[in-house]
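Participant: My questions all concern the structure below.
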Amino acid sequence: MSELRPDVLYRLRFLSDLTLGPGGRPLFVLTEIHRPDQDGDGPPAYRRRLALWDGALRLLTQEEAYSPRYDGERYVYFLRRVKNVPQLFRLDLRGGEAEQLTHLKAGVEAYWPSPDGKRIAFLSRGDWEAPKRDAPRVYETLPFKFDGAGLLPETPRQIWLWSEAERTPRRLTQHPQDVQELAWAPTGRFIVFTAPGDARERARWRTRLYRLDPSEGRVEEIGGGRGPILSPLVTPDEEAVLFIGHGWERKGGTQPALYRQPLAGGSARSLTESLDLWIGNTVNSDARYGAYPNRLALSPQGDAVYFTATVQGASRLIRLDLASAEARALTPEGVNIAAFALDADRVYTLRERQVHPPVLALGDEVLFDPNREALGTLPPPEPLRWTSPEGHTVEGWVLLPEGAGPHPLVLYIHGGPHTAYGHAFMLEFYLLRARGIAVAYANPRGSTGYGQEYADLAGRWGEVDEADLMGFLEAVLARFPVDPERVGIAGGSYGGYMTNWLTARYPERFKAAVTQRSICNWTSFWGASDIGPRFTELQLEASPWEDPEVLWNKSPLRLVHRVQAPTLVVHAEADHRCPVDQGETWFTALWERGVPVRFLRVPEEGHELSRAGRPDRRVKRLEEILAWFERYLKE
């Protein structure tokens, strides 16, 4: 039996923030877990440093540094927290200490160097300071909180400019809502940026495109206002902006597309409508840490655009010709691209497979695998495609332990619902395998990577997805050496909702459950979640005053009296996405019904506990999950 244990997390190293550095070599962030707790001096913590690959790993910083950008000549810019506030720094590659460029009280949230590297546009709230924790806060619009950030500042995020000539940052915009992203024109003459037009658009997740003259501060609207706009990119002729977006045409399951918006105005045109692609990496993993942005990148010649798209369980790198709109995948099936960086001759990637977290690669050649020693060689899961009675195919995988079986089995359900399982590493699954427990996981309807019709789940939660998951489970039980009398179920977020739902709908099937950051009551979720009203509208097509019966009929709490499976409830206390009252309610209801139940409450953490929580809390969560399934599926 494998010796893989939860504390292997402390040995993992994570690659992120990939870009190009001097000589076109890959520049990235290497994150390790620092263990001051071993000396009795504080809890484990992530330690992010800049690294360059030039045939061997070369660390550029010893202190914290992340979000690097190379100016093409001598400086690497990056962010570092100073008194827990991120500030902009630069490192002279000729030598010397890193220089702090900004000293704003609110810090720097993101930044973009100009094409010539002489100016830096960045996002900040200037001299805004967070009120003391015991100070009252006053709000008049939504949203007033956000998962991972807590209560939101009352001061909008603006564009600021630092330049070599002026040295003192100056604010360029005074927009009524948070500026989200920006991009420089190739000549540096102007900037385009994205932001909601007003509070109502912000609450409805609608964004507009604007053009900014950095010398005069003049702003003009270009277009947008229908839905989200991500990763803006000005074309080489400076006549248009490319971006990823949509207009909520299919509610919450609308596939993002690549658009071209003329700078002179008019309507944006989709360049990928005929491709039926979900642009961006939406494949789940619990072994990434740092930034893996879903971004656009122009070819050096300016004739094509590169991006990732989720295709049947894998994020693949796509090249789209801007003249013909012809697209081709540059990476093979079975490989997940978490990030990429390119120049005229090479494409570097952070790529992952089901058996390992992201590695640095050039083409098919792995240059740096930071976790080979910690994880060793792991067996891949076995693929399974199940054809439903309606005729569509549900793709999934089964990870079997060593030995002949029959093995206990856990059905895992991903979050979203508009994400996917696939060709990315899941440490949690391999830890269960090491304890002799098989894992089955699949992409039911609502998942990404299988076309627009497949992704559309609006108004059908707990219906078509239920049919797909239960049909897939029965196929697993029929084809693999697993024990139908020892089946568990687990999931987080949407997967937690479906765990609650299915243990109530099929009380005889599941012998144990782990529900994490879940939803059990849509009415309370609607008002307490940071995304409650809009998410509920897009997913259930309902509101508390117009469709109260819809919200209650879709709530697992309505069926809690049917649940028999011993249940571990895992919830973070600072989760604003699926607030902790959802876990509290499910725990309370099960306890009152006499169902064996255990509640793991995790302080200070949010919705991303399993992926980005404090390392010792992540390990504790894994230990609790393993112990629960061992207790009820093996003993």
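In our numbering, the protein residues as written are 3 to 637. The C-beta atom is built at its ideal place from N, Cα and C for all residues, glycine as well.
Do residue 32 and residue 620 count as a contact pair if the criterion is CB distance below 9 Å?
Facilitator: Contact flag unset, no.
Participant: Run through the DSSP bridge pairs and tell me what residue 323 is partnered with.
Facilitator: DSSP lists 306 as partners of residue 323.
Participant: Do you know how far the Cα of residue 436 is from the Cα of residue 403?
Facilitator: Whole-angstrom Cα-Cα distance: 7 Å.
Participant: Would you tell me roughly how many angstroms separate the C-alpha atoms of residue 494 and residue 570, rounded to the nearest one?
Facilitator: Going by the C-alpha atoms only, they are around 12 Å apart.
Participant: Between which two residues does the beta strand (DSSP E) holding residue 53 run?
Facilitator: Run containing residue 53: 47 to 55, per the beta strand (DSSP E) assignment.
Participant: Inspect the beta-carbon positions of residue 446 and residue 415 and report whether they are closer than 9 Å.
Facilitator: Yes, Cβ-Cβ distance for residue 446 and residue 415 is below 9 Å.
Participant: Would you decide whether residue 195 is buried or exposed? Buried here means 16 or more other CB atoms lie within 10 Å of its CB.
Facilitator: That one is buried.
Participant: Among 260, 392, 424, which one has its Cα closest to the Cα of residue 400?
Facilitator: The shortest C-alpha separation from residue 400 is found at 424.
Participant: Quick check on residue 283: buried or exposed, where buried means 16 or more other Cβ atoms within 10 Å of its Cβ?
Facilitator: Buried, since its Cβ has 16 or more Cβ neighbours within 10 Å.
Participant: Decide yes or no for the touch test of the region 12 to 29 against the region 367 to 375: beta carbon pairs closer than 8 Å, at least 3 of them.
Facilitator: Yes: at least three Cβ pairs fall under 8 Å.
Participant: For the region 289 to 308 against the region 317 to 330, are there 3 or more C-beta pairs whose distance is under 8 Å?
Facilitator: Yes, the region 289 to 308 is in contact with the region 317 to 330.
Participant: Please state the DSSP three-state secondary structure of residue 370.
Facilitator: The answer is strand: DSSP assigns residue 370 an E or B state.
Participant: Would you check if the region 386 to 394 and the region 246 to 263 touch, i.e. whether three or more CB-CB distances between them fall below 8 Å?
Facilitator: No contact exists between the region 246 to 263 and the region 386 to 394.
Participant: Could you check if residue 556 is buried or exposed, using at least 16 other CB atoms within 10 Å of its CB as the buried criterion?
Facilitator: By the 10 Å Cβ count, residue 556 comes out buried.
Participant: By the 10 Å Cβ neighbour count, where 16 or more other Cβ atoms means buried, how is residue 591 classified, buried or exposed?
Facilitator: By the 10 Å Cβ count, residue 591 comes out buried.
Participant: With which residues is residue 395 paired in a DSSP beta bridge?
Facilitator: Note: residue 395 sits in a beta bridge opposite 389.
Participant: How would you write the range of the alpha helix (DSSP H) that residue 529 sits in, first residue to last?
Facilitator: Residue 529 -> alpha helix (DSSP H) spans 524 to 530.
Participant: Rounded to a whole number of angstroms, what is the C-alpha to C-alpha distance between residue 572 and residue 604?
Facilitator: Approximately 8 Å, taken between the alpha carbons.
Participant: So what does DSSP say about residue 97, is it helix, strand or coil?
Facilitator: Coil at residue 97, not helix or strand.
Participant: Enumerate in chain order the residues of its own chain whose CB-to-CB distance from residue 37 is below 7 Å, with the five nearest sequence positions on each side excluded.
Facilitator: Hits under 7 Å: 12, 46.
Participant: Can you grab the Cα-Cα spacing for the pair residue 116 / residue 612, in whole Å?
Facilitator: Whole-angstrom Cα-Cα distance: 36 Å.
Participant: Could you have a look at residue 147 and say whether DSSP puts it in helix, strand or coil?
Facilitator: Strand at residue 147.
Participant: From the DSSP secondary-structure annotation, give me the bridge partner or partners of residue 338.
Facilitator: DSSP output for residue 338 lists 354 as bridge partner(s).
Participant: Does the beta-carbon of residue 19 have 16 or more other beta-carbons within 10 angstroms, so that it is buried, or is it exposed?
Facilitator: The residue is buried, with at least 16 neighbouring Cβ atoms inside 10 Å.
Participant: Which of the three DSSP states is assigned to residue 427 in this structure?
Facilitator: Coil.
Participant: When you compare the CB positions of residue 1 and residue 109, do they come within less than 9 Å of one another, or not?
Facilitator: Since the first residue shown for the chain is 3 and the last is 637, residue 1 is missing from the structure and cannot be characterised.
Participant: Where does residue 244 fall in DSSP's three states?
Facilitator: Note: residue 244 maps to strand in three-state DSSP.
Participant: Once you ignore the five residues that flank residue 618 on each side, which residues in its own chain have a CB closer than 8 Å to its CB?
Facilitator: If we look at residue 618 and ignore the five residues flanking it on each side, its Cβ neighbours are 39, 45, 46.
Participant: Look at the Cβ atom of residue 578, then the Cβ atom of residue 147, and state whether they are nearer than 9 Å.
Facilitator: Cβ atoms of residue 578 and residue 147: closer than 9 Å.
Participant: DSSP beta-bridge partners for residue 344?
Facilitator: Residue 344 pairs with 349.
Participant: Mind checking residue 141: buried by the 16 CB within 10 Å criterion, or exposed?
Facilitator: Flag for residue 141 reads exposed.
Participant: Indicate the three-state DSSP secondary structure (helix, strand or coil) for residue 538 in the structure shown.
Facilitator: Residue 538 falls in the helix class under three-state DSSP.
Participant: If you draw a straight line from the alpha carbon of residue 586 to that of residue 515, how long is it in whole angstroms?
Facilitator: Whole-angstrom Cα-Cα distance: 16 Å.
Participant: Answer yes if the region 232 to 241 comes into contact with the region 171 to 180, meaning at least three C-beta pairs across the two stretches below 8 Å, and no otherwise.
Facilitator: With a cut-off of 8 Å, the region 232 to 241 and the region 171 to 180 do not count as touching, because too few Cβ pairs lie within range.
Participant: Nearest-angstrom Cα distance between residue 233 and residue 552?
Facilitator: So the alpha carbons of these two residues sit roughly 36 Å apart.
Participant: For residue 505 and residue 491, which I take to be in contact (beta-carbon distance under 8 Å), what is that distance rounded to the nearest angstrom?
Facilitator: Yes, residue 505 and residue 491 are in contact; Cβ-Cβ is about 6 Å, under 8 Å.
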